[in-house]
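Participant:
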Amino acid sequence: MSLQVLMSRNKGKEYAVTPFLYIKLIRTGGTFLKEFPRSLPFSISLPIMIEGIISLNASKLRYHQFRMTQPEPGGSKYQRYTVFKVTLPTEYSSWTEFVYLDKLTPLKMKIKFDSVPEYEEVESEPLIDFTFDPAAKLYRGVKVVQDDTNRAGITFTQFYVGVTLPKEVPPGTDVTVSQRAFVNVCVSQNIEGANFMSETCVGIPHEKLGTVMCKCTKFGQIFARSLSVRRTRLFLEPIVYEAPEETAHDEIDSIPVILLVIVLCTMLGAFFLDRRRHKMNMIYPTAYPGDNNLLIIGIFTSVRFLAGTRSAVAMKIVGVESSSRVILLQTHKIQRLRMGQDDWFVVTTKRPLGKLTDIILWHDHYWLSDWHCSEIYIYDPMNIKWYHLKVDRWFGMVNCSEDDSKKMVLKVREIDSVEGVFLSLPYSFSAHFINELRNSHNIISLLYLRKRSLTTIEHRSYVILLKVLSLSFSAWIVEKYVTKLFFGKELDPEAARGLLGLDIETIFLSLIVLLISIPFVLPFQLAFRSNYKSRLLQKKITNPMYLQMSKPEDLVTTSAHPTKAVPEAEVTPTVKKVGFRLGGSESQSAARVTRLLSNVLLKRIAWTKTKRDNIGRSWKKTFLTYFGPAQFHCVNITWAIFEIKIRRRMMVIR
Numbered sequence: 001m002s003l004q005v006l007m008s009r010n011k012g013k014e015y016a017v018t019p020f021l022y023i024k025l026i027r028t029g030g031t032f033l034k035e036f037p038r039s040l041p042f043s044i045s046l047p048i049m050i051e052g053i054i055s056l057n058a059s060k061l062r063y064h065q066f067r068m069t070q071p072e073p074g075g076s077k078y079q080r081y082t083v084f085k086v087t088l089p090t091e092y093s094s095w096t097e098f099v100y101l102d103k104l105t106p107l108k109m110k111i112k113f114d115s116v117p118e119y120e121e122v123e124s125e126p127l128i129d130f131t132f133d134p135a136a137k138l139y140r141g142v143k144v145v146q147d148d149t150n151r152a153g154i155t156f157t158q159f160y161v162g163v164t165l166p167k168e169v170p171p172g173t174d175v176t177v178s179q180r181a182f183v184n185v186c187v188s189q190n191i192e193g194a195n196f197m198s199e200t201c202v203g204i205p206h207e208k209l210g211t212v213m214c215k216c217t218k219f220g221q222i223f224a225r226s227l228s229v230r231r232t233r234l235f236l237e238p239i240v241y242e243a244p245e246e247t248a249h250d251e252i253d254s255i256p257v258i259l260l261v262i263v264l265c266t267m268l269g270a271f272f273l274d275r276r277r278h279k280m281n282m283i284y285p286t287a288y289p290g291d292n293n294l295l296i297i298g299i300f301t302s303v304r305f306l307a308g309t310r311s312a313v314a315m316k317i318v319g320v321e322s323s324s325r326v327i328l329l330q331t332h333k334i335q336r337l338r339m340g341q342d343d344w345f346v347v348t349t350k351r352p353l354g355k356l357t358d359i360i361l362w363h364d365h366y367w368l369s370d371w372h373c374s375e376i377y378i379y380d381p382m383n384i385k386w387y388h389l390k391v392d393r394w395f396g397m398v399n400c401s402e403d404d405s406k407k408m409v410l411k412v413r414e415i416d417s418v419e420g421v422f423l424s425l426p427y428s429f430s431a432h433f434i435n436e437l438r439n440s441h442n443i444i445s446l447l448y449l450r451k452r453s454l455t456t457i458e459h460r461s462y463v464i465l466l467k468v469l470s471l472s473f474s475a476w477i478v479e480k481y482v483t484k485l486f487f488g489k490e491l492d493p494e495a496a497r498g499l500l501g502l503d504i505e506t507i508f509l510s511l512i513v514l515l516i517s518i519p520f521v522l523p524f525q526l527a528f529r530s531n532y533k534s535r536l537l538q539k540k541i542t543n544p545m546y547l548q549m550s551k552p553e554d555l556v557t558t559s560a561h562p563t564k565a566v567p568e569a570e571v572t573p574t575v576k577k578v579g580f581r582l583g584g585s586e587s588q589s590a591a592r593v594t595r596l597l598s599n600v601l602l603k604r605i606a607w608t609k610t611k612r613d614n615i616g617r618s619w620k621k622t623f624l625t626y627f628g629p630a631q632f633h634c635v636n637i638t639w640a641i642f643e644i645k646i647r648r649r650m651m652v653i654r
């Protein structure tokens, strides 16, 4: 049996802190022995080598430091000493605990294995003897750690250390205590064959800083590496639990309750606003049972400061053949003639007025509120004519003289089409934007919705609920995927609760949530906008974009049975009349209503038939026809006339 030993230096930036020692035990037959019989250990002492150079300088060692201050007398005992839990990187049968001080101060130390040392136990320990170490330039003390059983072969990897300043030390004295943060541990590797089996050797305590003592059982490559000694400081102050006051809402999370209250309050507020606006949206029925002629009047209030009025405005329309009654446009109970808005009224007359010539306006001074009117539009569906009146003046006591403010006669001008006129209204972009925002925005409209809006309480509630659900779903997507995709980290909802601030990352995530929530709400908004439009009015009466886009089949219902084709010049448009039976004067009034509608539709068909060939459709007009926001009051002329005519007679019949 022969023994081969080989030693080599470690290289620069090597993980080993000692030279490499190769040990082989070879039998006569040429076989290798991995260990001694019965796994007997052997001891080896290796010098410290840093980058191939023997080093004995202890100043390069790294320490774990903490500061101790002697408290005032009468304080808590837990403030008078410090306890650490020490975890070693390998097993030791005995450990030498080195303590270094920056200045010579009395110090006591107690070491236990099974439990945390109490203050009385640490105080009863003898003082540690300190000597000055010139290499480390600190005062060094030594405490040998050994198992209480003192049995051979018993090893340990962790223990508790209690450190305190004696009572004789004056209060306020502070000292910096340093302990070794790293220890050199031997490792044995079997380099024979394909598998490099490593084994950490048992540590041997020693006081010589320039060497490493190894106690291994395996042959092969042996070296030492520096491993950390983990020291965990234990806080000994007792944690006092203070039970909160008992309430009935301990198990309820406040955030869902707050969200639920907000949604309920929003729906309740929308309900009352909807009911109030429903009363305000009633068109003022300036009509009599015997009236058979219809006019639609649009009054535009200027976008100026205090241009709207709460006073009543009276109007009389003068034509070539006749004149209307005095029409009172009340405003103090119904919110009309407000700044920057257009109001449309259905007016009936007893006889046809013919071509319109003048309009007479009166302004009531009861509320002492001025009014600035920009222009007035009148549509005569009987003759299919538009009339325009440019007003652009103040009505009131402050801005005008008394005679001018009481009565004003204005000349009316007939126009061919209103398509270009509406596009050149004297309103600014900001005024248009604010009006459209109030009309169509599903959240702002809850507070600033004007009376001509097309939404109801049911649809507003649906939009709110869909918005909340889509935001929750979007937040879940952002939490799970988007933050990890863009920022490389996952968002912890528990840790991030209440910590979101106004920074670039938060704004970016909010924009992503907004973009994700748009597809959930936009189809629903377009659907109920299209569904709640009065197609008859939008295409035939008030919206200038739809005036010249009508088809005869949209206005007349023909027979279901096809007939023989007749030349176009001989075609007489037919109308499916609405038949209802009422006794006496009711039947006569119903017949007058039917004749009125028939005349309007027949003349409308003839007018649109000549215009249809030279007017084309575009994708923009088609889209706005079905999904565009409402620009005017949606008044169904057929049902408006029928309701005006029949309301009083139905009361008599009942």
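Numbered per the working numbering, the sequence shown finishes at 654, counting up by one with no gaps.
Every residue, glycine too, gets a C-beta built ideally from N, C-alpha and C.
As the structure is a prediction and not an experimental result, all values here were calculated from the model.
#1: What's the call for VAL656, buried or exposed, on a 16-neighbour Cβ count within 10 Å?
#2: Taking only runs of the alpha helix (DSSP H) that begin and end inside the region 73-114, which ones reach a length of at least 4 residues, in chain order?
#3: What does DSSP give as the partner residues of GLY141 in its beta bridges?
#4: Can VAL391 and CYS373 be called in contact, C-beta distance under 8 Å?
#5: For MET267 and LEU353, what's the separation of their Cα atoms in angstroms?
#6: Could you check which residue in ILE154, PHE156, ALA136, LEU236 has the C-alpha nearest to that of SER178?
#7: Can we say the region 70-78 touches the region 165-183, given the rule of at least three CB pairs closer than 8 Å?
#8: As a quick exercise: from ILE111, SER323, TYR92, VAL185, pick the residue whose alpha carbon is nearest that of LEU294.
#9: If ILE48 and GLY210 are in contact, beta carbons under 8 Å, what's the gap, nearest whole angstrom?
#10: Between the Cα of PRO89 and the Cα atoms of PHE182, LEU3, MET339, ILE53, which residue gives the shortest distance?
#11: In this structure, does DSSP put MET213 in helix, strand or coil?
#12: I need the straight-line Cα distance from ARG393 to ASP343, nearest angstrom please.
#13: State the beta-bridge partners of PRO381 as determined by DSSP.
#14: Pull up the distance between the alpha-carbon of TYR119 and that of LEU236, whole angstroms please.
#15: On the CB-based measure, 16 or more other CB atoms within 10 Å of its CB, does LYS77 come out buried or exposed?
#16: Indicate the three-state DSSP secondary structure (helix, strand or coil) for VAL122 in the structure shown.
#17: Evaluate the contact criterion for the region 228-235 versus the region 33-50: three or more CB pairs, one atom per stretch, below 8 Å.
#18: Using the three-state DSSP reduction, which class does ILE50 fall into: helix, strand or coil?
#19: Less than 8 Å between the beta carbons of THR96 and VAL163, yes or no?
#20: Using a threshold of 8 Å, state whether the C-beta atoms of ILE222 and SER188 are closer than that.
#21: Roughly how many angstroms separate the alpha carbons of CYS216 and PRO134, rounded to a whole number?
#22: Exposed or buried, which one is ARG140 when buried takes at least 16 other CB atoms within 10 Å?
#23: Drop a sphere of 10 angstroms on the beta-carbon of VAL409, count the other beta-carbons inside from all chains shown, and report buried for 16 or more, exposed for fewer.
#24: Does the distance from the C-beta atom of GLU414 to that of TYR387 stay below 8 Å?
#25: Given a cut-off of 8 Å, decide if LYS103 and GLU121 are closer than it, judged by their beta-carbon atoms.
#26: Tell me, please, which residues DSSP counts as bridged to ASP358.
#27: Going by beta carbon distance, what residues of the same chain come within less than 7 Å of SER39, once the five residues before and after it are set aside?
#28: Taking its Cβ as the centre, do 16 or more other Cβ atoms sit within 10 Å of CYS265, making it buried, or is it exposed?
#29: Output yes or no for whether 8 Å exceeds the beta carbon distance between LEU234 and PHE84.
#30: Provide the residue span of the beta strand (DSSP E) that contains GLY396, from first to last.
#31: Apart from the five residues just before and just after GLU91, which ones in its own chain have a Cβ nearer than 6 Å to its Cβ?
#32: Closest by CA to THR18, which one among GLY30, LEU33, ILE26, ILE53?
#33: Using a threshold of 8 Å, state whether the C-beta atoms of THR348 and GLY319 are closer than that.
#34: What does the alpha-carbon distance come out to for the pair MET1 and GLY30?
#35: Starting from the C-beta of VAL116, find all residues in its chain whose C-beta is less than 7 Å away, skip the five residues before and the five after it, and write them out in chain order.
#36: What are the partner residues of ASP342, as DSSP defines its beta bridges?
Facilitator: Per the coordinate set shown:
#1: One cannot answer for residue 656 here, as it falls past the ends of the chain, which runs 1 to 654.
#2: none
#3: VAL99, PHE130
#4: yes
#5: 47 Å
#6: ALA136
#7: yes
#8: SER323
#9: 5 Å
#10: PHE182
#11: strand
#12: 17 Å
#13: Partner(s): none; PRO381 has no beta bridge.
#14: 10 Å
#15: exposed
#16: helix
#17: no
#18: strand
#19: no
#20: yes
#21: 32 Å
#22: buried
#23: exposed
#24: yes
#25: no
#26: VAL318, LYS411
#27: THR217
#28: exposed
#29: yes
#30: Run containing GLY396: none; DSSP gives neither H nor E here.
#31: THR155, THR157, VAL202
#32: ILE53
#33: no
#34: 9 Å
#35: VAL83, TYR160, LEU234
#36: PHE300
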